[in-house]
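Asker: Encoded as structure tokens, here's the structure I'll be asking about.
2 protein chains.
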Amino acid sequence: MIIQKTSNSRIQNLDKDNISFGSTFIDHMLVCEYENGKWGEVRIMPYGSFSFSPAMMCLNYGQACFEGMKAYKDQKGQVFLFRPEKNFERINKSAKRLAMPEVTREMFVEGLKALVDIDRAWIPQGEGFSLYIRPLIFATEEALMARESNKYMFAIIASPAKAYYSAPVSVLISDYYSRAANGGIGFAKAAGNYAAAFYPTQLANEAGYEQIIWTDDATHGYFEESGTMNVFVRVEDTIYTPPVSERILDGITRDSFIELAKRRGMEVVVDKIPVQFVINAHKEGTLKEIWGVGTAVVSNRFKAMGYKGERLTLPLLSDEESYAENLKKELIGIQSNQQEDPFGWRVLVEEGVAHK
Amino acid sequence: MIIQKTSNSRIQNLDKDNISFGSTFIDHMLVCEYENGKWGEVRIMPYGSFSFSPAMMCLNYGQACFEGMKAYKDQKGQVFLFRPEKNFERINKSAKRLAMPEVTREMFVEGLKALVDIDRAWIPQGEGFSLYIRPLIFATEEALMARESNKYMFAIIASPAKAYYSAPVSVLISDYYSRAANGGIGFAKAAGNYAAAFYPTQLANEAGYEQIIWTDDATHGYFEESGTMNVFVRVEDTIYTPPVSERILDGITRDSFIELAKRRGMEVVVDKIPVQFVINAHKEGTLKEIWGVGTAVVSNRFKAMGYKGERLTLPLLSDEESYAENLKKELIGIQSNQQEDPFGWRVLVEEGVAHK
Ligand SMILES: Cc1ncc(COP(=O)(O)O)c(C=O)c1O
Ligand SMILES: Cc1ncc(COP(=O)(O)O)c(C=O)c1O
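As you go down the protein sequences, you meet chains A and B in turn.
Under the UniProt record's numbering, think of the first position of the first sequence as 1, with each following residue one higher.
Under the UniProt record's numbering, think of the first position of the second sequence as 1, with each following residue one higher.
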């Protein structure tokens, strides 16, 4: 690993209380380039730019995938990652499906720790604050043939993130648009999946809904995901979530919610969720809550859902009654080292690890 | 339109008989940038590079779409585009579905003519030669939020293309992987669609097939497209091709083949093609030919098809008997101004139009 530190830190400009998320970047980034069938040396260098022409293959054929994860600083200033091995495994699943080279543990996990160690001062401390981390791989060869690229870049960039309150949202159950095909790339964190979701989401926004609940494309009869979150439905005291499949992203927050719920003795059913089952439960008054989960917001409750032109209001439980809130609190406690971690999910970023 | 000509033409390096397609670019490119809700001025400038950071939105969220078209030089040195209005319409359909700004006719059609006019010397003359032209739009804002970008670049780049003989290929009928979802983006020339196809195509290659025949993702029971071509099936003397839909690219070559076949009085049925119908026709000996069509190769005949572990050999008609070959010859004749153009498909690029 080559470490080239900046002589021009921008950290004095960081105003923790006015972070513009996603457009303020930490001083450094990690970069590694692939050529002639292999990855080159991992470099940590000042955040900055490269040059490209409009022939860069990922602009034309979309070979690009990414991860989204966070680092948390506890009250003593220690820094933790959350289940980074899961993101490492997932980016390689995405890469494989897009015919891109997989990255090594050294590049991803060790590189990540070194980068976070070097820029640990950028991680804001305090309830809900974190460092949002974006590893990505994209095709860099400049050529116009519709085939897989021979050159790639792996990069890790990161942006400080403030706590943000996620107010309950309204969601539209999709009965026309879909996110993923059978035998497609829905399980991959492929760049192209996100672009495909923006227009349907705009239409949902215009109809008065913040998010979409994606359904299966063949029948639109089953819940799949919600926006960029996995989805949970609670009927009476049972929690339902769809099984992951080649159409559904295998979310790390989803997996963590399932584990936490089971440990509490809650009943968790991982099975297909028919839209009609949810609509019926709503009618019968047994539908207690629906929520989405993902790294960005941890969890976000739904207050209404649109279906076939109707807007169905969901009950709003108190924080004490809500499974979504209880599990969220517990997960945040584990992530930020305020609570015991029975699963071994937290990974300490040792001080000085970049230089070991 | 701002025209900034290069003082360093590379054209003396162009060796018509050894063109490395897709990686040799003409001297100039067209560029136009979108910001603050509108497109800026169209610029024609020396082909070259821009700078980007790994936060560039199209690398992360895949907002990128493109077109593929050709310019042809006739024996007198006149240069023609082929149905450029169709590409203009299609790129805007793609852009809309990906929540990207549409481009104007001035940017696309007039810009294209000016660029081709300026670099007309780069278009190789002679049977089958052409200039391959790649207009594209991609998101350039640098931010990590999963939402549509506020900044875009529209660019047109081009590469001289030599004649290439398209030998008949073997194709695998997909019974697991798919290219597009119902309510998805299959009809768009979205960058992400291509990345999604590479891995299944690699698997097909390993199984001894050059291309895939994509089927519908819900049942895998119907033909959709083949590789990056639309598909035609001939049973006895009737030609079948699937209707375009939100899953199938509305190919310009496909449309032209249909028109040409109808004008010749051939029977053309635009309807769903069940895989079983084709397999049965093969068994009964009534299946005459199958071929794909697209701008790159015009048309490519299939010599075998794989289905459920079996490899079915297709008849190989003589060029005279083959509808695929006859229609291809006629289309090439029109494109390259060797034949009358009853449809008005050819568009002359006037000399000096860039400076008008
Ligand atoms: C489509 C989609 N589904 C679900 C998730 C949730 O995954 P995770 O919990 O790993 O962040 C994400 C990412 O945030 C996503 O992009
Ligand atoms: C997926 C796909 N289908 C079909 C085609 C054929 O379209 P056209 O005839 O407009 O080139 C293309 C582009 O070449 C394509 O990428």
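No residue lacks a Cβ here, since even glycine has one placed at the ideal position from N, Cα and C.
Model, not experiment: these values are computed from the prediction.
1) Opposite Met45 of chain B in the DSSP bridges: which residues?
2) Consider the C-beta atom of residue 371 of chain B and the heavy atoms of ligand 2; say whether any pair is separated by less than 8 Å.
3) Would you kindly work out how many angstroms separate the C-alpha atoms of Leu30 of chain B and Leu81 of chain B, rounded to a whole number?
4) Would Phe302 of chain B pass as a contact of Pro160 of chain B if the rule is Cβ separation under 9 Å?
5) Could you name the residues of chain A that Met305 of chain B contacts, counting a contact when the two beta carbons are closer than 7 Å?
6) Between the stretch 59–69 of chain A and the stretch 127–144 of chain A, do three or more beta carbon pairs fall short of 8 Å?
7) Quick one: does the C-beta of Ile212 of chain B sit closer than 8 Å to a heavy atom of ligand 2?
8) Among B:Lys189, B:Arg10 and B:Glu141, which has the Cα closest to the Cα of Asp250 of chain B?
9) Quick check on the burial criterion: 16 or more other C-beta atoms within 10 angstroms. Buried or exposed for Pro200 of chain A?
10) Can you pull the chain E neighbours of Gly309 of chain A, defined as C-beta to C-beta under 8 Å?
11) Please identify, using Cβ separations under 8 Å, the residues of the stretch 16–43 of chain B that lie next to chain A, in order along the chain.
12) Just the chain A side, please: which residues come within less than 8 Å of Arg147 of chain B by C-beta, in chain order?
13) Rounded to whole angstroms, what's the CA-CA distance from Phe25 of chain A to Gln4 of chain A? Just pull it up for me.
14) Leaving out five residues on either side along the sequence, give the residues of the same chain with a beta carbon under 7 Å from the beta carbon of Lys113 of chain B.
15) DSSP state of Ala143 of chain B, grouped into three classes?
16) Kindly indicate which residue of A:Ser94, A:Arg234, A:Gln202 and A:Glu141 has the alpha-carbon position closest to the one of Leu287 of chain A.
17) Measuring from the CB of Val269 of chain A, is there a heavy atom of ligand 2 at a distance below 8 Å?
18) Tell me the DSSP secondary structure of Phe323 of chain B in three-state form.
19) By Cβ distance, which residues of its chain are closer than 8 Å to Gln339 of chain A, with the 5 residues on each side in sequence left out?
20) Buried or exposed for Ala163 of chain B, please, with buried defined as at least 16 other CB atoms from any protein chain shown within 10 angstroms of its CB.
21) Against Asp217 of chain B, what residues of chain A qualify as contacts under a CB-to-CB distance less than 8 Å, listed in chain order?
22) I'd like to know if Gln63 of chain A contacts chain B, where contact means its C-beta is closer than 9 Å to some C-beta of that chain.
23) Check whether the stretch 117–126 of chain A and the stretch 4–16 of chain A touch, using three or more Cβ-Cβ pairs below 8 Å as the test.
24) Tell me whether Tyr222 of chain B, by its Cβ, gets closer than 8 Å to a heavy atom of ligand 2.
25) Tell me whether the beta-carbon of Phe88 of chain A lies closer than 9 Å to the beta-carbon of Met153 of chain A.
26) Please classify Gly68 of chain A as buried or exposed, where buried requires at least 16 other C-beta atoms within 10 Å of its C-beta.
27) Is Phe187 of chain A close to chain B, meaning its C-beta is less than 9 Å from at least one C-beta of that chain?
28) If distances are taken between C-alpha atoms only, which option among B:Pro84, B:Leu131, B:Ile91 and B:Arg90 comes closest to Asp27 of chain B?
29) Below 9 Å between beta carbons: does that hold for Tyr222 of chain B and Pro168 of chain B?
Answerer: Concretely, from the data shown:
1) B:Met29
2) With chain B running from 1 to 356 in the structure shown, residue 371 of chain B is simply not present.
3) 16 Å
4) no
5) What Met305 of chain B touches in chain A: nothing, since even the nearest Cβ is about 18 Å away.
6) yes
7) no
8) B:Lys189
9) buried
10) Reference to chain E is not applicable here, since the protein chains of this structure are A and B.
11) Phe21, Gly22, Ser23, Phe25, Met29 and Val31
12) Phe198
13) 17 Å
14) Val349 and Val353
15) coil
16) A:Arg234
17) no
18) Per the sequence shown, residue 323 of chain B should be read as Tyr rather than Phe. In this structure, Tyr323 of chain B counts as helix in the three-state DSSP scheme.
19) Glu330 and Gly333
20) exposed
21) Ala181, Asn182, Gly183, Gly184, Asp217 and Ala218
22) yes
23) yes
24) no
25) no
26) buried
27) no
28) B:Leu131
29) no
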